[in-house]
Amino acid sequence: HPQVLQAMDRQGSGPSFSVGSLALRQTQLTPLLRALKLHAALRELHLAGNRLGDGCAAELLAALGTMPSLMLLDLSSNHLGSEGLRQLAAGLQGKTTLQNLQELDLSMNPLGDSCGWALASILQGCPSLSTLHLQACGFGPSFFLSHQAALGSAFQDAKHLKTLSLSYNILGPDALAHALQNLPARTLQRLELSSVAAGKSDSDLVEPVVGYLAKEGCTLAHLSLSANHLGDKAVRDLSRCLPCCPSLVSLDLSANPDVSCVGLEELLSALQMRPQGLSFLGLSGCAVQGPLSLGLWREITARVQELELCS
Numbered sequence: 005h006p007q008v009l010q011a012m013d014r015q016g017s018g019p020s021f022s023v024g025s026l027a028l029r030q031t032q033l034t035p036l037l038r039a040l041k042l043h044a045a046l047r048e049l050h051l052a053g054n055r056l057g058d059g060c061a062a063e064l065l066a067a068l069g070t071m072p073s074l075m076l077l078d079l080s081s082n083h084l085g086s087e088g089l090r091q092l093a094a095g096l097q098g099k100t101t102l103q104n105l106q107e108l109d110l111s112m113n114p115l116g117d118s119c120g121w122a123l124a125s126i127l128q129g130c131p132s133l134s135t136l137h138l139q140a141c142g143f144g145p146s147f148f149l150s151h152q153a154a155l156g157s158a159f160q161d162a163k164h165l166k167t168l169s170l171s172y173n174i175l176g177p178d179a180l181a182h183a184l185q186n187l188p189a190r191t192l193q194r195l196e197l198s199s200v201a202a203g204k205s206d207s208d209l210v211e212p213v214v215g216y217l218a219k220e221g222c223t224l225a226h227l228s229l230s231a232n233h234l235g236d237k238a239v240r241d242l243s244r245c246l247p248c249c250p251s252l253v254s255l256d257l258s259a260n261p262d263v264s265c266v267g268l269e270e271l272l273s274a275l276q277m278r279p280q281g282l283s284f285l286g287l288s289g290c291a292v293q294g295p296l297s298l299g300l301w302r303e304i305t306a307r308v309q310e311l312e313l314c315s
């Protein structure tokens with residue numbers, strides 16, 4: 005593959021290697037992974053947008069075992085399923101292969117609800133992990149409920165985790181509540197929960213989020229709840245905990261068409277009760293319509309540095 009050859013030439017013995025979005029099949033990835041073995045100085049491996057699948061998991065595992073300095077691994081959109089993840093987890097168990105890994109992206113792989121044990125095992129094998137992307141992995145309402153012990157323990161032990169994305173997984177309020185109960189509130193700074201509602205009837209989706217923000221020592225700085233069928237009542241409930249979580253400075257509520265000026269006013273009122281406002285508030289795709297009153301604009305100017313009303 006000419007682009008693979010170009011990437012190999014550019015990489016040489018450098019710290020980063022990328023062959024993203026080439027749709028490479030197993031027959032093309034196998035020799036590539038073998039060629040990458042023993043690149044001990046490699047710190048970043050970007051394989052997004054290929055066809056790794058479950059069949060190439062063993063080759064990937066063998067290559068990773070020769071990269072002790074790896075800090076970033078991007079396997080997003082690679083047709084990797086629960087069986088492939090299980091193979092990776094089994095091969096990593098009890099080893100220090102990924103002890104220095106700080107960022108892992110498994111987004112847009114059909115992992116499904118049955119991969120809970122494997123994911124927990126991989127998390128335990130990455131003690132330095134600070135960023136985990138699990139967007140659109142096919143997780144449903146039973147994911148965290150079916151693997152409570154394993155996943156709960158793994159997330160509780162993830163003491164360095166600062167960024168977690170679970171967006172575009174149909175979790176629903178119960179699974180979300182179980183997930184949030186076990187997240188390291190004292191270290192997690194960025195949480196992305198866009199489009200995790202199981203349906204329009206998930207009116208209580210915000211309740212576990214409120215409980216998480218109210219935890220003692222919560223350090224969350226950014227929260228995304230876009231596209232979750234939220235309305236003004238949910239925003240009012242969310243606003244209640246803003247004074248209890250002064251670290252939260254970025255809030256994305258976009259693509260919730262039932263959020264109106266009433267919700268915006270609730271947020272601004274709650275922000276008056278804490279020393280600082282928000283650096284970012286996303287309300288694009290909501291029902292906040294003008295013209296806004298002069299008084300409301302004054303409150304926005306005083307409490308919000310950047311307000312996004314349209315995309």
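Residue numbering for the sequence shown follows our numbering, beginning at 5 and increasing consecutively. By construction, the Cβ of each residue, glycine as well, lies at the ideal position given by its N, Cα and C atoms. Since we're looking at a predicted model, the values are computed, not measured.
TODO: Assign T221 to buried or exposed, taking buried as 16 or more other Cβ atoms, counted over all protein chains shown, within 10 Å of its Cβ.
DONE: For this step, residue 221 is matched to residue 217 along the sequence shown. Per the sequence shown, the amino acid found at residue 221 is Gly instead of Thr. Exposed: under 16 other Cβ atoms inside 10 Å.
Open item on the list: Distance check for G289 and L80, CA to CA, integer angstroms please.
Closed with: The residue labelled residue 80 in the question sits at position 76 within the sequence shown. The residue labelled residue 289 in the question sits at position 285 within the sequence shown. The amino acid occupying residue 80 in the given sequence is Ser; Leu does not appear at that position. Between S80 and G289, the C-alpha separation is close to 27 Å.
Task: Bounding residues of the alpha helix (DSSP H) (the contiguous stretch that carries L316) - done: Residue numbering for the chain in the displayed model covers 5 to 315; residue 316 lies beyond these limits and cannot be assessed.
TODO: Report, in whole angstroms, the separation of the C-beta atoms of G85 and L115, which I expect to be a contact under 8 Å.
DONE: Here the question's residue 85 lines up with position 81 in the sequence shown. Here the question's residue 115 lines up with position 111 in the sequence shown. Right, the Cβ-Cβ distance comes to about 7 Å (below 8 Å), so this counts as a contact.
- [ ] Starting from the C-beta of A183, find all residues in its chain whose C-beta is less than 6 Å away, skip the five residues before and the five after it, and write them out in chain order.
- [x] Sequence index remark: in the sequence shown, residue 183 carries index 179 (1-based). For A183, where only same-chain residues beyond five positions count, the Cβ hits under 6 Å are F148.
Task: Assumed close pair V253, Q280 - CB separation to whole angstroms, cut-off 8 Å - done: Here residue 253 refers to the residue found at position 249 when the sequence shown is read from its first residue. Here residue 280 refers to the residue found at position 276 when the sequence shown is read from its first residue. With 8 Å as the limit, V253 and Q280 qualify as a contact, their Cβ atoms being about 7 Å apart.
- [ ] May I have the straight-line CA-CA distance separating G203 from T305, to the nearest angstrom?
- [x] For the purposes of this step, residue 203 is identified with residue 199 of the sequence shown, where counting begins at 1. For the purposes of this step, residue 305 is identified with residue 301 of the sequence shown, where counting begins at 1. Taking the straight line from one Cα to the other gives about 35 Å.
TODO: Would you mind sorting S111 into buried or exposed? The rule is 16 or more other CB atoms within 10 Å of its CB.
DONE: Along the sequence shown, read from residue 1 onward, the residue named residue 111 stands at position 107. S111 should be labelled buried.
- [ ] Kindly indicate the opening and closing residues of the alpha helix (DSSP H) around A150.
- [x] For the purposes of this step, residue 150 is identified with residue 146 of the sequence shown, where counting begins at 1. The sequence shown places Ser at residue 150, rather than the Ala named in the question. Here the alpha helix (DSSP H) through S150 covers F147 to S150.
Open item on the list: Considering only the alpha carbon of each residue, which of A44, A39 and L74 lies closest to E63?
Closed with: For the purposes of this step, residue 63 is taken as the residue at position 59 of the sequence shown. Answer by Cα proximity: A39.
TODO: Could you round the C-beta distance between G144 and D117 to whole angstroms and report it? I think they count as a contact, below 8 Å.
DONE: In the sequence shown, counting from the first residue as 1, residue 144 sits at position 140. In the sequence shown, counting from the first residue as 1, residue 117 sits at position 113. Confirmed, about 5 Å.
Open item on the list: Measuring CB atoms only, is the segment 224-232 touching the segment 258-265, in the sense that at least three cross pairs come out at less than 8 Å?
Closed with: yes
- [ ] With T31 as the anchor, note down where its alpha helix (DSSP H) starts and where it stops.
- [x] Position 27 of the sequence shown, counting from 1, holds the residue named residue 31. Q30 to A39 is the span of the alpha helix (DSSP H), which, as asked, contains T31.
- [ ] Sort A93, Q309, Q128 and C248 by Cα distance to Q103 and report the nearest one.
- [x] One-based indexing of the sequence shown puts residue 103 at position 99. Nearest of A93, Q309, Q128 and C248 to Q103, Cα basis: Q128.
- [ ] Give the secondary structure of E220 by DSSP, where H, G and I count as helix, E and B as strand, and everything else as coil.
- [x] The residue you call residue 220 lines up with position 216 of the sequence shown. Of the three classes helix, strand and coil, the one that applies to E220 here is coil, per DSSP.
TODO: Just tell me which of D109, P72, E107 and R55 has its CA closest to the CA of H83.
DONE: Here residue 83 is taken as the residue at index 79 of the sequence shown, counted from 1. It is R55 whose Cα lies nearest to the Cα of H83.
TODO: Hey, could you find the ends of the alpha helix (DSSP H) R90 is sitting in?
DONE: Locating residue 90 in the sequence shown gives position 86, counting from the first residue. Per DSSP, R90 belongs to the alpha helix (DSSP H) from S86 to L96.
- [ ] Label C368 either buried or exposed according to how many other C-beta atoms from any shown protein chain fall within 10 Å of its C-beta, with 16 as the threshold for buried.
- [x] In the structure displayed, the chain extends from 5 to 315; residue 368 sits before or after that span and is not available.
Open item on the list: Taking the straight line between their C-alpha atoms, what separation do you get for A27 and G53?
Closed with: If you number the sequence shown from 1, residue 27 lands on position 23. If you number the sequence shown from 1, residue 53 lands on position 49. Approximately 6 Å between the Cα atoms of the pair.
Task: Inside the segment 121-188 only - alpha helix (DSSP H) runs reaching at least 4 residues - done: 147-150, 152-160 and 176-185
Open item on the list: Rounding to the nearest angstrom, what Cα-Cα distance links L124 and A154 in this structure?
Closed with: Numbered from 1 along the sequence shown, position 120 holds the residue referred to as residue 124. Numbered from 1 along the sequence shown, position 150 holds the residue referred to as residue 154. In the sequence as presented, Leu is not what sits at residue 124; that position holds Ala. Going from the Cα of A124 to the Cα of A154 covers about 6 Å.
Open item on the list: My assumption, with CB atoms under 8 Å, is that L165 sits in contact with L192. Please give the rounded CB distance.
Closed with: Residue 165 sits at position 161 when you count from the first residue of the sequence shown. Residue 192 sits at position 188 when you count from the first residue of the sequence shown. L165 to L192, Cβ: 6 Å. Contact.
Task: Close beta carbons around Y172, own chain, < 8 Å, minus the five adjacent residues each side - done: By 1-based counting over the sequence shown, the position of residue 172 is 168. Here the set comprises Q139, A140, S198, S199 and V200.
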